[in-house]
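J.: Residues 1 to 664 in full-length UniProt numbering are what the sequence shown lists, from first letter to last. The structure's right below; bear with me while I get my questions together.
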Amino acid sequence: MGKYSSIFEPLTVKQMTIPNRIVMTPMGTNFGEQNGEMSFLHINYYEQRAMGGTGLIIVENACVDYPCGSNGTTQLRIDHDNYIPRLYKLVETIHKHNTKIAIQLNHAGASAVEERIGMQPVSASDVPNKKNGAAPRALSKEEILHIVDCYAKAAKRAQIIGFDAVEIHAGHSYLINQFLSPLTNKRTDEFGGSYENRARFARLVLEAVRKEVGAQFPIIVRISADEFLEGGNTLEDTLKLLEYFHAEADIIDVSCGLVDSIQYQIDANYLPDGWRSYMAKAVKEAYAKPVITTGNIRDPKVAEDILERGDADLIGMGRQMIADPSWTNKVHYGKEDTIRKCISCNIGCSGHRIGLNRPIRCSVNPSVNEGEEYRSWKVKKPCNVVVIGGGTAGLEAACTAAEVGCTTFLIEKEDHLGGLSVEISKIPDKKRLRDFPDYLIHRAEKLRNLITFTSTEATPSFVKMLKPDFIINATGSTPLLPPISGLRENIDASGSHVSGILGMIQQIDQYPKDLSGKKVCVVGGGAVGLDVVEFFAKRGAAVSIVEMLPVVGKDLDTVTKVGTYDMLEKHNVQVLTSTALQEVHPDHFVVKRTEQMETLDFDYGFVCLGMRAYSPVMEELKQTFADEDVELFNIGDSVRARRIIDGVAEGRNILNALKQKEFL
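Quick look at the structure:
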């Protein structure tokens, strides 16, 4: 407690006393019912985070004016009294754990999708709120005042339900922000133009909410302090705007970014822990009110330093609470080395929900909904599990099996554990990825019934000696090398300037910091190839990327895709799509583009055409154990090269196999 005294100091804001300084910030989940009601699955999700010690939970955005203000297909609603009972159950459940709870009130405006709401979206003006977005309809003054009333009534319902506070969302390209931002507000009436006019809608909302809830009920307002877009609000602009609507706000939740700068709104993995705190500090100094800061905060030392410096009063964590609901308790009880840190990959959370309209999941936490209940289960008879491959999928399988009492053997041919994720994390902008294998390795080390063999080949005879009941093959993947002329002869070869991703990583410390005047050509426009492009583009090289498909980054999550396209434009990367590699030479590639052959010279060339499954012992194992009562499973990239999220989920699925064979 003394080590992190600032984190665990209570904070009283009007009638609400938050037991510590950790806030779970609002994030959409797609866990709600289709009609906008809070589901019991949803309640369980939030209860896990309350049980984990979180001081204040701010529930994801709830619609105040349906359908035109709706955001998403299963968004919560608070625009009618019939949503009160289930939300009351949520609040009652959370309060049992001494956690305070607020709900975010929101109108989507132009962020609404016409096909989902059955009408043209509305906004401050007829300007789309994102590139290539649909044009909304400008609201009339009467409609604006109606929406103000909707916010007030929604806040009153929240108070009746028992929420400890409400948050008014005035950022992230939603309706209030569409009035605040000069990018989307082109009005010429009293709601457009000057700072005062653009802030008028926000002020009316906050004043109406205050009138409904009274003087002692806390109101939080969330802002995009810097929109990080040319022509958008800067921090200095926002400080001026706040002059006109801060009066009724008791806490200011200082976020940033818009839809077209979503890599800052939902922090990209290369942004350091706590990088946004300067914005919170500026708001706090200007208005002397408690502020929340967010921004990739994973390390409790960073959180404590921000609070000690006075940059912020509350530490907001969103994705970290998906990754590890017990972050706060682990810090409080001195178990910070067991924290499962979010790696900011944005695949299972924002990628699932924003990009695919799925419910959220997590790359590093395969039990977003179920929690850690499985750890209380124990096998009812002796069980030996052999896991081949010590990457993230294999480590998750081995740890899970050992945690329920299986005698578990983990075999890894390399002299270290962690697999491909350890290698990729050596790229500077991917260093956060290393947190996950480190967590898994630490978890494995604490399990006495998990025996690890490194620098060991998993031969069938060795595996048989371990008398397995279950064999989990998780041998991962290897770079894909198609039969292209000169590829195998030149890649990572002496005297050649052509490397694959693993070759690039092996010599990553040897590349000059300044590569101005050097040509770099990368073949392959998937995630790995784009990582290589980013590394060299930031060092000043003239970079080209070659991709057979019509676009690069086709399978990237929404956040990474926006950030990647911004990076390509910023560094003037030459993007050659619908272009196929034909020949590989030591200092140039021959490609086919629009039926024409072209030569691309380079100082450094890279071939990153993806990965392929690698399972060298599977067939032998099947033959060896064909006549025995042994279950053999293939998981992760050794089935098909995919993402961490897939392999980790399959690793946890060892529990299902144990149940089916009646070991659990």
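Glycine included, C-beta positions come from ideal geometry on N, C-alpha and C.
So who's on the other strand from F453, going by DSSP bridges?
T.: I411, per the DSSP bridge assignment.
J.: Indicate whether G351 and D557 have their beta-carbon atoms separated by less than 8 Å.
T.: yes
J.: My assumption, with CB atoms under 8 Å, is that A138 sits in contact with D149. Please give the rounded CB distance.
T.: Wrong, their Cβ atoms sit about 19 Å apart, outside the cutoff.
J.: Taking the alpha carbon of T459 as the reference point, which residue from V617, V64, L206, H246 has its own alpha carbon closest?
T.: V617
J.: Taking the C-alpha atoms as reference points, what is the distance between P121 and G500?
T.: Going by C-alpha positions, P121 is about 47 Å away from G500.
J.: How about the stretch 356-376 and the stretch 39-56: do they share at least three Cβ pairs that are nearer than 8 Å?
T.: yes
J.: By DSSP, does E583 sit in helix, in strand, or in coil?
T.: strand
J.: For the stretch 246-277, which segments carrying the beta strand (DSSP E) assignment without a break, of at least 3 residues, lie completely within its bounds, in sequence order?
T.: 251-255
J.: So, with DSSP's three-state summary, where would you put V59?
T.: strand
J.: Give the straight-line distance between the Cα atoms of L576 and V532, rounded to the nearest whole angstrom.
T.: 15 Å
J.: Given a cut-off of 8 Å on the beta-carbon distance, is the pair T184 and A124 in contact?
T.: yes
J.: With the cut-off set at 8 Å, would you say V655 and T400 are in Cβ contact?
T.: The identity of residue 655 in the sequence shown is Leu, whereas the question assumes Val. With respect to the 8 Å criterion, L655 and T400 are classified as neighbours on the basis of their beta carbons.
J.: Helix, strand or coil for residue 680, going by three-state DSSP, please let me know.
T.: Residue 680 is absent from the model: the chain starts at 1 and stops at 664.
J.: With 16 other CB atoms within 10 Å as the buried threshold, where does G563 fall?
T.: buried
J.: Check for me: the beta strand (DSSP E) holding G605 runs from which residue to which?
T.: 604-607
J.: Taking the alpha helix (DSSP H) that V205 belongs to, which residues open and close that run?
T.: 200-213
J.: May I ask you to report which of helix, strand or coil DSSP gives Q216?
T.: coil
J.: Taking the alpha-carbon positions, what's the V53 to N329 distance?
T.: Sequence inspection shows Gly at residue 53; the Val mentioned does not correspond to that position. So the alpha carbons of these two residues sit roughly 5 Å apart.
J.: Is Q75 helix, strand or coil when you go by DSSP?
T.: Three-state DSSP puts Q75 in coil, outside helix and strand.
J.: Looking only at its chain, what residues have a beta carbon closer than 7 Å to the beta carbon of residue 668, apart from the 5 residues adjacent to it on each side?
T.: Because the chain is modelled from 1 through 664, residue 668 falls outside the range shown and cannot be assessed.
J.: Run through DSSP, which three-state label would A541 get?
T.: coil
J.: For V209, tell me which candidate among A397, V385, H169, L180 has the shortest Cα-Cα distance.
T.: H169
J.: Nearest to G610 by CA position, among A537, A493, L420, I472, is which residue?
T.: L420
J.: Name the one or two DSSP bridge partners that A50 has.
T.: Partner(s): none; A50 has no beta bridge.
J.: Which whole-angstrom value is the C-beta distance of residue 692 and G390, which I expect to be below 8 Å?
T.: Here the chain comprises residues numbered 1 to 664, so residue 692 is not present and cannot be evaluated.
J.: Check each candidate in N357, E628, P550 and name the one with the smallest Cα separation from R593.
T.: P550
J.: Taking all protein chains shown into account, decide if A199 is buried (16 or more other Cβ within 10 angstroms of its Cβ) or exposed.
T.: buried
J.: Please classify S477: is it buried, with 16 or more other beta-carbons within 10 angstroms of its beta-carbon, or exposed?
T.: buried
J.: May I ask which residues mark the beginning and end of the beta strand (DSSP E) holding L105?
T.: Counting along the chain, the unbroken beta strand (DSSP E) around L105 starts and ends at 100-106.
J.: Keeping to the same chain, check which residues put their C-beta closer than 7 Å to that of R203; ignore five residues upstream and five downstream.
T.: Y244, F245
J.: Might you give, ordered along the chain, the residues of its own chain that have their beta carbon closer than 7 Å to the beta carbon of K131, omitting 5 neighbours on each side?
T.: D260
J.: Measuring only the C-alpha atoms, how far is T475 from V520?
T.: 32 Å
J.: Could you check what DSSP says for M24 in three-state terms: helix, strand or coil?
T.: strand
J.: Buried or exposed: which applies to H80, given that a residue is buried once 16 or more other Cβ atoms fall within 10 Å of its Cβ?
T.: exposed
J.: Pairs of beta-carbons, one from the stretch 485-498 and one from the stretch 530-546, closer than 8 Å: are there three or more?
T.: no
J.: Distance, Cα to Cα, E37 vs N177?
T.: Distance between the alpha carbons of E37 and N177: 26 Å.
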